[in-house]
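Letter by letter, the sequence shown follows residues 28 to 545 in the numbering used here.
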Amino acid sequence: MMSEQTKPPYVLGIDAGTVAVKAGLFDLSGNLVASGSRDYPTYFPRPGWAEQDPAEWWAGLAGAVRDCVAAAGVDPSQIIGMSADATTCTLIPMRADGTELRRCFLWMDVRAVDQANRVFASGHPALQYCLAGVNAEWMPPKMLWFKENEPDLYAQMDVLLEYTDWIAYRLTGRFTLNISTTSHRWFYHAPSDGWPSDFFRQIGLDDLEAKLPADVLGIGEVVGPLAEDVAAELGLPAGIPVATGGGDAFIGLLGQGVTSPGDMGVIMGTSNVLSALAADEFHFPGIFGSFPEALIPGLNLVEAGQVSTGSILSWFKNNFAGGVEAEAEAQGLSVYQLLDEEAAEVPPGSQGLIVLDYFQGNRTPHTDSFARGAVWGLSLQSTRAHVFRALMEGIAYGMRDILDTFSRHDFNVERIIASGGATHSPLFMQIYADVLGKTLYTTKEAEASLLGSAIVAAVGAGAYPGLVEASRGMVTISGQYDPDPGRHEAYDFYARKYQETYPRLRELMRAMSEHVAG
């Protein structure tokens, strides 16, 4: 139902995440008119592998858009622009006619560990973005694995796209890439005229550049008009300008109001992505970046991330919280609300439990695809509540480890703006604030990436002159969580023990990961 506060014209944002695709209709003040969402599955053929089916993406996207437009009850002719973001390093090998050659390599797929190590061992200057190591999630290792293990399909590949650019192609019929994901994950460097051709040749991907679309577009640049046949399927008028989007977490920065140096945005979902803007390009171990021109022209994007965050809580709920559904329903609560209530009764530190949140490896500060999760300190007094709280605390310790790495290299974050699933849990947000010793701010619109895509759509439609102006005009800060000094002091001991855990277990985890992978 349309809010009385909203008024035309409208812009449509699409956020294609790990478990679902969402569509949201916004006015030009950033007010959500209506939304739609459809789930799709992930396939895990082997440990460390993760794939999705583009046909299921499209069915979900079309359904989500139709649901959104129907729920809004607005005249579709009042929609002046649209854009989409998606998970990064979710790669789709294709033929020139648009046929997908296989299920995509999802971002969390880490099968290319050996290839990532060989890419890093090349020592090429392009590796300045990732001085601690190349993550197996990134494009070059995945494509090297593809070339070496599925050579017939690789040879048939005419075009390689990101999920974001695949959506743009399906909407417009034009093959393009975007500067966000190509800079973050593909080693594209705008100040050096783009692709590192000699790097690709050195690592064994000499034929890859010919398979990449020629046009790398800036965020908000128009890919093309919405095609007629697609418009009919989505219930939209043909010709709507489709603006270039980018990686979900980075487009989410715009939806959080992060447009200036000193601010850091955190997208809290299946994984946590921490991103900040800097005036100058710099590089040091334990971060990704900085990436010039990767979001806002003239600024550099600095990135860090935790691979497994919300997914760990979902894993616990699905596998170790039997009977909670009925109990929660009887109390009129969601399962997570009931687990939160129980965990709130446990003191900081969960009476000696430490969780290492590396269930699918570590992005930063260690960049280790062999790393895996760990829980230690268990005793017979440990209850469901202790473990659930320890999971949240372990995730917060992981973020603190990242911020400590920033600080050691004189890159200081002044303000943290959080969005995503965790912001719906006051307990989790307070744990973050207490562990970090910093205030966390939240936005009126919790779906930052969805709003971010709408902001990009508004720029593509010409409603705002640029991304900074659109973000400032469409984002509202609505809440904050301040750290408690006593709890912050109490957490110091546990945070240090968390940071000591990985170095002590690293070789054991590597041996186990290699053994399981065969």
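Backbone N, C-alpha and C fix where the C-beta goes; we use that ideal spot for every residue, glycine too. These figures come from a predicted structure and were not determined experimentally.
About 20 Å separates the beta carbon of residue 130 from that of residue 90, a gap too long to meet the 8 Å contact definition. Of all alpha-carbon atoms in 336, 385, 366 and 55, the one lying nearest the alpha-carbon of residue 344 is that of 366. Residue 405 and residue 52 have their C-alpha atoms roughly 47 Å apart. Annotation: residue 449 is outside any beta strand (DSSP E) and is labelled neither H nor E by DSSP. Around the C-beta of residue 471, fewer than 16 other C-beta atoms lie within 10 Å, and the residue is accordingly described as exposed. In the structure shown, the three-state DSSP call for residue 507 is strand. Boundaries of the alpha helix (DSSP H) harbouring residue 81: 81-99, taken from the DSSP string. Around the C-beta of residue 542, fewer than 16 other C-beta atoms lie within 10 Å, and the residue is accordingly described as exposed. No Cβ-Cβ contact shorter than 8 Å links residue 518 with residue 466. Between residue 106 and the set 223, 269, 134 and 181, the nearest pair of CA atoms involves 269.
Straight-line measurement puts the Cα of residue 168 at about 5 Å from the Cα of residue 143.
When the alpha-carbon of residue 119 is set against those of 57, 202, 516 and 59, the nearest one is in 202.
Going by DSSP, residue 290 is part of the beta strand (DSSP E) stretching over 290-295. DSSP assignment within the segment 254-295 yields the following whole alpha helix (DSSP H) runs of 4 residues or more, N-terminal first: 255-261 and 275-283. Counting C-beta pairs closer than 8 Å gives fewer than three between the segment 253-263 and the segment 279-296, which falls short of the contact rule.
Secondary structure note for residue 513: its alpha helix (DSSP H) is the uninterrupted segment 512-544. In summary, residue 413 is buried, with 16 or more beta-carbon neighbours lying within 10 Å of its beta-carbon over all protein chains present.
In the three-state reduction of the DSSP assignment, residue 203 falls in the coil class.
For residue 137, there is no enclosing alpha helix (DSSP H), as DSSP marks it with neither H nor E.
When secondary structure is reduced to three states using DSSP, residue 298 falls in the coil class, being assigned neither helix nor strand. The beta carbons of residue 171 and residue 231 sit about 6 Å from each other, so the pair counts as a contact at 8 Å.
Burial check for residue 539: the Cβ neighbour count within 10 Å stays below 16, so the residue is exposed. When the beta-carbon positions are compared, residue 300 and residue 332 come within less than 8 Å of each other. In the DSSP assignment, residue 131 is bridged to 79. Restricted to the segment 105-182, the beta strand (DSSP E) segments that are unbroken, complete and at least 3 residues in length are 106-113 and 118-121, listed in chain order. Taking the CA atoms as reference points, residue 162 sits about 25 Å from residue 524. In its chain, beyond the 5 residues on either side, 277, 302, 304, 316, 317, 318, 321 and 322 have a beta carbon closer than 7 Å to the beta carbon of residue 328. Annotation: residue 183 to residue 310 spans about 37 Å, alpha carbon to alpha carbon. Annotated three-state conformation of residue 224 is helix, per DSSP. If you compare the alpha carbons of 520, 469, 464 and 346 with that of residue 445, the shortest gap goes to 469. With a 10 Å radius around the Cβ and a threshold of 16 neighbouring Cβ atoms, residue 71 comes out exposed.
The shortest CA-to-CA distance from residue 39 to any of 54, 33, 46 and 45 is the one to 54. By the Cβ-count criterion, residue 114 is buried, with 16 or more other Cβ atoms from all chains shown falling within 10 Å of its own Cβ. In this structure, residue 337 lies away from residue 381, with their beta-carbon atoms at least 8 Å apart. Note on residue 505: under 16 other CB atoms within 10 angstroms of its CB, so exposed under the neighbour-count rule. Setting aside the 5 residues that flank it on each side, residue 132 is surrounded in the same chain by 118 and 169, each with a C-beta closer than 6 Å to its C-beta; the list follows chain order.
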